[in-house]
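Engineer: Structure in structure tokens, see below.
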Amino acid sequence: MLLRLMFVLLIALNIAVAAWLLLGESGTHAVDPADKGVPTLKLLAELPAPSATAPAPAAMPSVSGSAATSVLAAAAAPARVSEEKGTAVSTPPVAPAVTAATPAPREPAKKAPVEAPATTALLASASTADAPTSAKRSYRCLAIGPFTNQVDLRSTRTALAPRTVRSRQRQEQTSESHGWRVFLPAQATRDLALAQARRLEAKGVKDYFVVSAAGEMQNSVALGLFHDPANAKKRRDDVIAAGFPARMSERTEVTPVWWLDVVVPDDANADVRRGIRSPGASAKPTGCF
1 MLLRLMFVLL IALNIAVAAW LLLGESGTHA VDPADKGVPT LKLLAELPAP SATAPAPAAM
61 PSVSGSAATS VLAAAAAPAR VSEEKGTAVS TPPVAPAVTA ATPAPREPAK KAPVEAPATT
121 ALLASASTAD APTSAKRSYR CLAIGPFTNQ VDLRSTRTAL APRTVRSRQR QEQTSESHGW
181 RVFLPAQATR DLALAQARRL EAKGVKDYFV VSAAGEMQNS VALGLFHDPA NAKKRRDDVI
241 AAGFPARMSE RTEVTPVWWL DVVVPDDANA DVRRGIRSPG ASAKPTGCF
């Protein structure tokens, strides 16, 4: 029911609009766009038609001097008195020969030379001269690390974020020293290694053990692990003096480390030092990225 009512109302509204457009008075609500007190411009077709008794005056653009004199004389004596009949006879004015001055052809106005590019260039140079020159900032690239774990790396990266233009992290493999070891070379079998250990005991060499774990040191005789290379060297020399081919080597392990590369302003050195969250890490110059 509601849809039918809306449909009927829509049709009635369309009919009313169409009737208003067809039968309404055109120009009823027109508004004169001219200001008050300003005379309006009328076309020649809008002027009233001239009456039959009063002929429209002919337009005279320009009249020569003699023609103007004859016209004035004819106007001053409109009628002459006839001597014979004594009646006034109106004398029609003599139409003077009027020479209409042909207006000189107007020369087309010369266009002024376009100086837009020059003006634009002057404005651009003026704006450039007026703009204040800001000091250029210089930047440097630093490598911060090494970090033994990613927790310290992320903490340092977060602390330096306000002063960092760009940053990246990378992982490297490094050999870490775990001291110096003194040993006798590995034997072919475990029995040979045990026999060598008994000979060491007979010579008075103490503190040794036979390595049984699989690997490059299997069936060797370990003579000690030292943090100071000088102590390791002394132990090796004592065993050599006892008649055994002792050797000395550094004990290393390959471990992963992480580096943080950053691009920071030149005046951010103090902030970088405060932002490092690992005691073994430091900052050093590196190539920019």
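If you're matching positions, the sequence shown starts at 1 in full-length UniProt numbering and goes up one per residue. No residue lacks a Cβ here, since even glycine has one placed at the ideal position from N, Cα and C.
Can you name the start and end residues of the beta strand (DSSP E) that residue 6 belongs to?
Structural biologist: The count along the sequence shown starts at 1 and reaches residue 6 at position 6. It is not in any beta strand (DSSP E) - residue 6 instead sits in the alpha helix (DSSP H) that spans 2 to 23.
Engineer: Among all the DSSP beta bridges, which residues are the ones paired with residue 308?
Structural biologist: This structure cannot settle anything about residue 308, because the visible part of the chain is limited to 1 through 289.
Engineer: In the DSSP assignment, the beta strand (DSSP E) including residue 179 goes from what residue to what residue?
Structural biologist: Residue 179 sits at position 179 when you count from the first residue of the sequence shown. Here the beta strand (DSSP E) through residue 179 covers 166 to 184.
Engineer: Quick one: residues in its chain with C-beta nearer than 8 Å to the C-beta of residue 121, no 5 flanking neighbours on either side, listed in chain order?
Structural biologist: The count along the sequence shown starts at 1 and reaches residue 121 at position 121. Since pLDDT at residue 121 reaches only 46, below the 50 mark, its modelled position is unreliable, and the value read off the structure follows with that caveat. Taken in chain order, the list of residues that qualify is empty.
Engineer: From which residue to which residue does the alpha helix (DSSP H) around residue 220 run?
Structural biologist: Your numbering for residue 220 matches position 220 in the sequence shown. Where residue 220 is concerned, there is no enclosing alpha helix (DSSP H), given that its DSSP letter is neither H nor E.
Engineer: If we ignore side chains and look at the alpha-carbon of each, how far apart do residue 143 and residue 278 end up?
Structural biologist: Numbered from 1 along the sequence shown, position 143 holds the residue referred to as residue 143. Numbered from 1 along the sequence shown, position 278 holds the residue referred to as residue 278. Near 14 Å, if we compare the C-alpha coordinates of residue 278 and residue 143.
Engineer: Counting along the chain, where does the alpha helix (DSSP H) carrying residue 39 start and finish?
Structural biologist: Start at 1 with the first residue of the sequence shown, and residue 39 comes out as number 39. That residue, residue 39, is in no alpha helix (DSSP H); it is neither H nor E in DSSP.
Engineer: Do you know offhand how far residue 161's Cα is from residue 176's?
Structural biologist: Taking the first residue of the sequence shown as 1, we reach residue 161 at position 161. Taking the first residue of the sequence shown as 1, we reach residue 176 at position 176. Each residue's alpha carbon lies about 30 Å from the other.
Engineer: Have a look at 286, 250, 137 and 221 and flag the residue whose alpha-carbon is nearest the alpha-carbon of residue 232.
Structural biologist: Looking up residue 232 in the sequence shown gives position 232. Answer by Cα proximity: 250.
Engineer: Could you pull the DSSP bridge partners for residue 250 from this structure?
Structural biologist: To locate residue 250, count along the sequence shown from 1; it is residue 250. The partner list for residue 250 (beta bridge, DSSP) reads 180.
Engineer: Should residue 264 and residue 239 be called a contact, given that it needs their Cβ atoms to be closer than 8 Å?
Structural biologist: Working through the sequence shown from its first residue, we reach residue 264 at position 264. Working through the sequence shown from its first residue, we reach residue 239 at position 239. Not closer than 8 Å, so no.
Engineer: Name the DSSP beta bridge partners of residue 209, please?
Structural biologist: Stepping through the sequence shown from its first residue, residue 209 is reached at position 209. Paired residue(s): 222.
Engineer: So, do the stretch 215 to 231 and the stretch 171 to 186 have three or more beta carbon pairs nearer to each other than 8 Å?
Structural biologist: Touching, yes.
Engineer: Counting only the same chain and skipping the five closest in sequence on each side, list residues whose C-beta sits under 6 Å from that of residue 252.
Structural biologist: One-based indexing of the sequence shown puts residue 252 at position 252. Closer than 6 Å at the Cβ level, and outside the excluded window around residue 252, lie 175 and 177.
Engineer: Hey, residue 259 and residue 150 are a contact pair by Cβ (cut 8 Å); roughly how many whole angstroms apart?
Structural biologist: Within the sequence shown, the letter at position 259 stands for residue 259. Within the sequence shown, the letter at position 150 stands for residue 150. Their Cβ separation, rounded to whole angstroms, is 11 Å, which puts residue 259 and residue 150 out of contact at 8 Å.
Engineer: Find the nearest neighbour of residue 272 within the set 210, 235, 155 and 20, judged by alpha-carbon distance.
Structural biologist: Reading the sequence shown from its first residue, position 272 is the one you call residue 272. Ranking 210, 235, 155 and 20 by Cα distance to residue 272 puts 155 first.
Engineer: Determine the DSSP secondary structure at residue 189, reduced to helix, strand or coil.
Structural biologist: Along the sequence shown, one-based indexing puts residue 189 at 189. It is coil, neither helix nor strand.
Engineer: Beta-carbon separation of residue 208 and residue 197 under 8 Å?
Structural biologist: Taking the first residue of the sequence shown as 1, we reach residue 208 at position 208. Taking the first residue of the sequence shown as 1, we reach residue 197 at position 197. Closer than 8 Å, so yes.
Engineer: Per DSSP, which residues does residue 266 bridge with? Please list them.
Structural biologist: Here the question's residue 266 lines up with position 266 in the sequence shown. According to DSSP, which records beta bridges pairwise, residue 266 is partnered with nothing at all.
Engineer: Rounded to whole angstroms, what's the CA-CA distance from residue 282 to residue 145? Just pull it up for me.
Structural biologist: For the purposes of this step, residue 282 is identified with residue 282 of the sequence shown, where counting begins at 1. For the purposes of this step, residue 145 is identified with residue 145 of the sequence shown, where counting begins at 1. So the two alpha carbons sit approximately 5 Å from each other.
Engineer: Return helix, strand or coil for residue 256, following the three-state DSSP convention.
Structural biologist: Counting from 1 along the sequence shown, the entry for residue 256 is found at position 256. Looking at residue 256 - three-state DSSP - the assignment turns out to be strand.
Engineer: Taking its Cβ as the centre, do 16 or more other Cβ atoms sit within 10 Å of residue 20, making it buried, or is it exposed?
Structural biologist: Here residue 20 refers to the residue found at position 20 when the sequence shown is read from its first residue. The residue in question, residue 20, is exposed, as its Cβ has fewer than 16 Cβ neighbours within 10 Å.
Engineer: Any idea what DSSP makes of residue 271, helix, strand or coil?
Structural biologist: The residue you call residue 271 lines up with position 271 of the sequence shown. Looking at residue 271 - three-state DSSP - the assignment turns out to be helix.
Engineer: How long is the line joining the alpha carbons of residue 357 and residue 202, rounded to whole angstroms?
Structural biologist: Nothing in the structure corresponds to residue 357, since the chain is present only between 1 and 289.
Engineer: Look up residue 238 in the DSSP assignment and say whether it is helix, strand or coil.
Structural biologist: Here residue 238 refers to the residue found at position 238 when the sequence shown is read from its first residue. Helix.
Engineer: Let me make sure I understand the geometry here. Which of 182, 189, 137 and 147 has the alpha-carbon closest to that of residue 173?
Structural biologist: Residue mapping note: residue 173 aligns to position 173 of the sequence shown, counting from 1. For the residues 182, 189, 137 and 147, the minimum Cα distance to residue 173 belongs to 147.
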